[in-house]
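Q: Taking my numbering, the leading residue of the sequence shown gets 940, the next gets one more, and so forth. Built from N, CA and C at the ideal position, the CB exists for glycine as well.
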Amino acid sequence: MARLPLADRRAALISAAVRVIARSGLAAATTRAIVAEAGMPLGSFHYVFDSRDDLITAVIETVTHAELEAALSALPAAGQPGTDLSGILRHGLDRYLDLLVADPQREQALLELSLYAMRQNTPSPETTGQYRAYYAAAERSLTLAADACGAQWSVPLPRAARLLVTLTDGITSTWLADRDTAAARDTIVFAADALARLAGQADMTIPTDTTPSLKEQPRAD
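#1: If I'm right that A1135 touches L1032 with Cβ under 8 Å, what's the distance once you round it to whole angstroms?
#2: Do you know how far the Cα of V998 is from the Cα of V1128?
#3: Provide the residue(s) that pair with G1139 in DSSP beta bridges, ordered along the chain.
#4: Check G1031 in the structure and name its three-state DSSP category.
#5: Please go through the same chain and pick out, in chain order, the residues whose beta-carbon is closer than 7 Å to the beta-carbon of A972, but skip the five residues on each side of it.
#6: Helix, strand or coil, according to DSSP, for D1023 in the structure here?
#7: Using only alpha-carbon positions, find the residue among S983, A967, G1109 and G1068 that is nearest to P944.
#8: Kindly confirm or deny that the stretch 1069-1077 and the stretch 985-1003 touch, where touching means at least three C-beta pairs closer than 8 Å.
#9: Tell me which residue opens and which closes the alpha helix (DSSP H) that L943 is part of.
#10: With a threshold of 8 Å on Cβ separation, who are the neighbours of P1146 within its own chain once the five nearest residues in sequence on each side are excluded?
#11: Taking just the CA atoms, how far does M979 sit from G1018?
#12: Going by C-alpha to C-alpha distance, which of T1022, A966 and R962 sits closest to G1089?
#13: Rounding to the nearest angstrom, what Cα-Cα distance links G1139 and V974 in this structure?
#14: Determine, using beta carbons only, whether Q1047 and A1100 come nearer to each other than 9 Å.
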């Protein structure tokens, strides 16, 4: 273990934290429990992370990034013939569901982290760091999806991103409860179509320059 590269130690500790949190909850995810799950000595943890909070932040960032990359991998090249926004969004959400089905523990861990944050904080209009990451990833996905098919959002992008996160949360928690993948696919079709209705074709018209040319400008005399 002493010769394990730093990046590999980091990845192993993040994976171990996800498993412990998903299985036993955040309260049980002590530093000792995480290193034991990873099969590492305690000293390895402090060599990689400053604190458990630092590790938890890395868990959120790692899982969110993986989900974003999965969604982006479903995007076609910009301007590809036959692409439509609803189909692009559906492919992205389908890819997300594939990740959820393949590794439910990751989303269970994030759900536990979200609930923990809500229990710790007094009611506030401020978004948690976890959801700020979700919203940022959703905005990037929606921007690239619209660009890929020449569409533009008719509502403010943050509003569309919040709707995407809300719909994805519903798909996730419902699937974790009943494991009905076919029903989740049906919900994805609805979600993609509903979101696509909030966009229209981008205006590609080149603005006309109304500034008079030198020949058209009135003479000073």
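A: According to the structure data:
#1: By 1-based counting over the sequence shown, the position of residue 1135 is 196. By 1-based counting over the sequence shown, the position of residue 1032 is 93. Not a contact, Cβ separation roughly 12 Å.
#2: Taking the sequence shown and counting its residues from 1, the one referred to as residue 1128 is at position 189. Taking the sequence shown and counting its residues from 1, the one referred to as residue 998 is at position 59. Taken atom to atom, the span from the alpha-carbon of V1128 to that of V998 is near 29 Å.
#3: Reading the sequence shown from its first residue, position 200 is the one you call residue 1139. The partner list for G1139 (beta bridge, DSSP) reads Q1091.
#4: For this step, residue 1031 is matched to residue 92 along the sequence shown. Under the three-state reduction of DSSP output, G1031 falls in the helix class.
#5: As a working mapping, residue 972 is identified with position 33 in the sequence shown. Counting only residues of its own chain and dropping the five nearest sequence neighbours on each side, A972 has a CB closer than 7 Å to the CB of V959.
#6: Against the sequence shown, residue 1023 aligns to sequence position 84. Here D1023 sits in coil by DSSP.
#7: Sequence index remark: in the sequence shown, residue 944 carries index 5 (1-based). Nearest C-alpha to P944 among S983, A967, G1109 and G1068: S983.
#8: Contact between the stretch 1069-1077 and the stretch 985-1003 is present, because at least three Cβ pairs lie under 8 Å.
#9: Within the sequence shown, the letter at position 4 stands for residue 943. Counting along the chain, no alpha helix (DSSP H) covers L943, and no H or E run does either.
#10: In the sequence shown, the residue the question calls residue 1146 occupies position 207. Here the model assigns P1146 a pLDDT of 47, short of 50, so the residue's position is not dependable and the matter cannot be decided.
#11: Reading the sequence shown from its first residue, position 79 is the one you call residue 1018. Reading the sequence shown from its first residue, position 40 is the one you call residue 979. Because G1018 carries a pLDDT of 48, less than 50, the predicted location of this residue cannot be relied on, and no value is offered for it.
#12: For the purposes of this step, residue 1089 is taken as residue 150 along the sequence shown, with counting starting at 1. The shortest C-alpha separation from G1089 is found at T1022.
#13: Counting from 1 along the sequence shown, the entry for residue 1139 is found at position 200. Counting from 1 along the sequence shown, the entry for residue 974 is found at position 35. Cα to Cα, the separation comes out at about 50 Å.
#14: Here residue 1047 refers to the residue found at position 108 when the sequence shown is read from its first residue. Here residue 1100 refers to the residue found at position 161 when the sequence shown is read from its first residue. No, Cβ-Cβ distance for Q1047 and A1100 is not below 9 Å.
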